[in-house]
Amino acid sequence: MDILSAFEILVKSMLFASAPLILTALGGVFSERSGVVNIGLEGLMVIGAFSAIIFNITFASTLGGATPWVALLVAMAIGGLFSLIHALASITFRADQVVSGVAINFLALGLSVFLVKAWYGAGQTPKIPVPMYYTNIPILSDIPVIGTIFFSNYLTSYVAIIIAFIAWFVLFKTPFGLRLRSVGEHPLAADTMGINVYRMRYIAVFISGILGGLGGAVYAQTITQDFSGTTITGQGFIALAAVIFGKWHPLGAMGAALFFGLAQSLAIIGSSFAFLQDVPNWILLAAPYILTILALAGFIGRADSPKANGIPYIKGKR
Amino acid sequence: MSSRLQAILVPVISVLLGLIAGAIVMLVSGFNPIEGYGALLRGAFGDTFYIGETIRQITPYIFAGLAVAFAFRTGLFNIGVEGQLLVGWIASVWVGLAFDLPKFIHLPMAVLAGAAAGAIWGFVPGFLKARLRVHEVIVTIMMNYIALHLVNYLVRYVISDEQNTTVAVPPSASLKSPFLENLTDFSTLHNGIFLALAAAIIFWVVLEKTTTGFELRSVGFNQHASEYAGMNVNRNIVLSMVISGAFAGLGGAMEGLGTFGYGFIHGAFSGVGFDGIAVALLGGNVAIGVILAAALFGTLKVGALNMPIESGVPTELVEIVIALIIFFVASSYIIRYLLNRYKKGAK
Numbered sequence: 001m002d003i004l005s006a007f008e009i010l011v012k013s014m015l016f017a018s019a020p021l022i023l024t025a026l027g028g029v030f031s032e033r034s035g036v037v038n039i040g041l042e043g044l045m046v047i048g049a050f051s052a053i054i055f056n057i058t059f060a061s062t063l064g065g066a067t068p069w070v071a072l073l074v075a076m077a078i079g080g081l082f083s084l085i086h087a088l089a090s091i092t093f094r095a096d097q098v099v100s101g102v103a104i105n106f107l108a109l110g111l112s113v114f115l116v117k118a119w120y121g122a123g124q125t126p127k128i129p130v131p132m133y134y135t136n137i138p139i140l141s142d143i144p145v146i147g148t149i150f151f152s153n154y155l156t157s158y159v160a161i162i163i164a165f166i167a168w169f170v171l172f173k174t175p176f177g178l179r180l181r182s183v184g185e186h187p188l189a190a191d192t193m194g195i196n197v198y199r200m201r202y203i204a205v206f207i208s209g210i211l212g213g214l215g216g217a218v219y220a221q222t223i224t225q226d227f228s229g230t231t232i233t234g235q236g237f238i239a240l241a242a243v244i245f246g247k248w249h250p251l252g253a254m255g256a257a258l259f260f261g262l263a264q265s266l267a268i269i270g271s272s273f274a275f276l277q278d279v280p281n282w283i284l285l286a287a288p289y290i291l292t293i294l295a296l297a298g299f300i301g302r303a304d305s306p307k308a309n310g311i312p313y314i315k316g317k318r
Numbered sequence: 001m002s003s004r005l006q007a008i009l010v011p012v013i014s015v016l017l018g019l020i021a022g023a024i025v026m027l028v029s030g031f032n033p034i035e036g037y038g039a040l041l042r043g044a045f046g047d048t049f050y051i052g053e054t055i056r057q058i059t060p061y062i063f064a065g066l067a068v069a070f071a072f073r074t075g076l077f078n079i080g081v082e083g084q085l086l087v088g089w090i091a092s093v094w095v096g097l098a099f100d101l102p103k104f105i106h107l108p109m110a111v112l113a114g115a116a117a118g119a120i121w122g123f124v125p126g127f128l129k130a131r132l133r134v135h136e137v138i139v140t141i142m143m144n145y146i147a148l149h150l151v152n153y154l155v156r157y158v159i160s161d162e163q164n165t166t167v168a169v170p171p172s173a174s175l176k177s178p179f180l181e182n183l184t185d186f187s188t189l190h191n192g193i194f195l196a197l198a199a200a201i202i203f204w205v206v207l208e209k210t211t212t213g214f215e216l217r218s219v220g221f222n223q224h225a226s227e228y229a230g231m232n233v234n235r236n237i238v239l240s241m242v243i244s245g246a247f248a249g250l251g252g253a254m255e256g257l258g259t260f261g262y263g264f265i266h267g268a269f270s271g272v273g274f275d276g277i278a279v280a281l282l283g284g285n286v287a288i289g290v291i292l293a294a295a296l297f298g299t300l301k302v303g304a305l306n307m308p309i310e311s312g313v314p315t316e317l318v319e320i321v322i323a324l325i326i327f328f329v330a331s332s333y334i335i336r337y338l339l340n341r342y343k344k345g346a347k
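Going line by line, the protein sequences match chains A and B. Using the numbering used here, the first residue of the first sequence is number 1, and each one after it goes up by one. Using the numbering used here, the first residue of the second sequence is number 1, and each one after it goes up by one.
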């Protein structure tokens, strides 16, 4: 294989595998920046994947080519609503946020597989009639050499990268973003300044649900194209790793997600590269997790979480 | 209301609420909840075979619950039971296959290998927490997936010859018990349940009756006070994670040497480790509570297998019920609040 075609496969599979990770990780950044730990990203992806696949199968005949895109919107809405359970438990009921996140993962998987079995009589849905396809971006994809590599991919990959920049702008350049970050760093001070801590946290968790649902929907409609209990296995936790490896910064999380996406795709296609043939496959599969631990331990730059992350805010308590 | 009574009432109410919510889910999706739960009970206790299966399922739940509970008591959250269980599983099978020894040496050695592997997997997050203040929740989650991929690699390329399963461990390293199998109409019940009950007793003795246990609990209550009193907080954090990991590794050895008798490639986690979090929470992080909660979850899990056969209800209903029980226990603040309100109202 010549270098150029190897490079093309790498870039394409990286963009392909990392789009859902980027979106979900951005959701995690919003939630954790507001002070709510979100272990439930995995469950939010499951709900998103489930909603998108069911919607796609049910409405493909009426909506035609627009189906997968409408399905993304539906998955975002349902993911957002589902995340409110986590918000209710961890913000209003002061539940341990980690425990609530674990419960979200259980509930998402249990509920979605339960409904699939009740509706389809099997543990797996049929293939979706209208999956997503590669899109050639006009003009740009006609550029020789780099055109097909960078501008002929799933549109969702570009959407994910654009949303990462929007998320950065919202979090760091708007008053809303400043308020959201302030309730995650020092909720008491924010409360004193007249910011409604509970409302900000609810909004942040809701956004994480929207983005997690979107991530799951993208994953299901581009990669698996059906839904079962094993559609989402660990992608939510890789996204969580990307949040931390990216130091709770939207663009950092995007970079980490791209990198982890690359590691994932290398694990699958790596055997076609001579220099990777001696690396055991499991190291590539486990690379995101190993690197995240190393990053946390301070070997790859210190990763410090938002100060009030994981602590329920109790009004009037100092 | 006394805190002791509340400590019992909150889990009981949570379980009842979870079961009621499960019944509502069945009603809404067009099933008969009485038939559904009836099938579940028959599937768990219907005849001796099912009782054997239920007790067998309780075994790893006790270990997973003890693992999570032990770390909790030192103020640590071990979400890594899933991974510690997997490495314990494969280590015990590996030792079971690699040696040819008489049973009274071989079996203890294989079981202890499982505990040691789990302990090593628990040591890493414990060490990072003690030395570098890295949050153990994230590290244990990451360690889960490292374990999953490593174990799959070991099964495929090291222990077996590119197969999806290893060969079965020889009788000299097996926990299987012909006596228990005969007693329960040839279920997969094995001797592990006795080890699980013994582990629960050890858990209680270590935490409640030894100086080490006092220090561990003290660190869980207040790190600064413990340090001021002259305890080595860092050492206790590492120790707690190591013991917690050892319990989880033992749970894996039960699966590897007893239930299955071999190792195999996992596409995803078994879920026993995550369920262990629910077991520990529901059991209030004490030995007897863990046993009772493990019994409940074992019953639900095994009984669920009969639900689709007799009542058409998908087994996943039980996952929903378990998830809701976790929510209710975790949100105990609101249950306590309502209990107190009710009590005041009664006066």
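Each residue gets a CB set at the ideal place from its N, CA and C atoms; glycine is no exception.
- Using a Cβ distance threshold of 8 Å, residue 148 of chain B and residue 86 of chain B count as a contacting pair.
- Not flagged as an interface residue toward chain B: residue 128 of chain A, since no C-beta distance is shorter than 8 Å.
- Between residue 80 of chain B and residue 144 of chain B, the gap from beta carbon to beta carbon is short of 8 Å.
- Residue 145 of chain A and residue 258 of chain A have their C-alpha atoms some 22 Å from each other.
- Within the model, the alpha-carbon separation for residue 260 of chain B versus residue 175 of chain B is close to 10 Å.
- Residue 31 of chain B carries a coil assignment under DSSP once its states are collapsed to helix, strand and coil.
- Each residue's CA atom was taken as its position, placing residue 277 of chain B and residue 68 of chain A some 37 Å apart.
- In the assembly as shown, residue 335 of chain B is a buried residue. Its beta-carbon has 16 or more other beta-carbons within 10 Å.
- For residue 108 of chain A, same chain residues with a beta-carbon under 6 Å away, outside a window of 5 residues either side, are 43, 46, 47 in chain order.
- A buried status is given to residue 293 of chain A, since no fewer than 16 other beta-carbon atoms sit within 10 Å of its beta-carbon.
- Under the three-state reduction of DSSP, residue 274 of chain B is assigned to helix.
- Only 229, 230, 233, 234, 237, 238, 240, 241, 244 from the stretch 228-260 of chain A bring a Cβ to less than 9 Å from some Cβ of chain B.
- Between residue 55 of chain B and residue 189 of chain B, the CB-CB gap stays under 8 Å.
- For residue 316 of chain B, at least one C-beta of chain A is nearer than 8 Å to its own C-beta.
- The three-state secondary structure of residue 124 of chain A, taken from DSSP, is strand.
- Here residue 133 of chain A is exposed, its C-beta having fewer than 16 other C-beta atoms within 10 Å.
- According to the DSSP assignment, residue 133 of chain A belongs to no beta strand (DSSP E), since it is labelled neither H nor E.
- For residue 154 of chain A, the three-state secondary structure derived from DSSP is strand.
- Scanning its chain for C-beta atoms nearer than 6 Å, with the 5 sequence neighbours on each side dropped, one finds around residue 141 of chain A the residues 147, 151, 152, in chain order.
- In this structure, residue 291 of chain B keeps its C-beta atom at 8 Å or more from the C-beta atom of residue 14 of chain B.
- Per the DSSP secondary-structure output, residue 165 of chain B pairs in a beta bridge with B:264.
- Residue contact check for residue 128 of chain B against chain A: a CB pair falls below 8 Å.
- With fewer than 16 other CB atoms across the displayed protein chains lying within 10 angstroms of its CB, residue 337 of chain B is exposed.
- Take the alpha-carbon of residue 91 of chain A and the one of residue 204 of chain A: they are about 11 Å apart.
- Secondary structure note for residue 259 of chain B: it is in no alpha helix (DSSP H), with a DSSP letter that is neither H nor E.
- Taking a Cβ-Cβ cut-off of 7 Å, residue 226 of chain A has no neighbours in chain B, whose nearest Cβ is about 16 Å from it.
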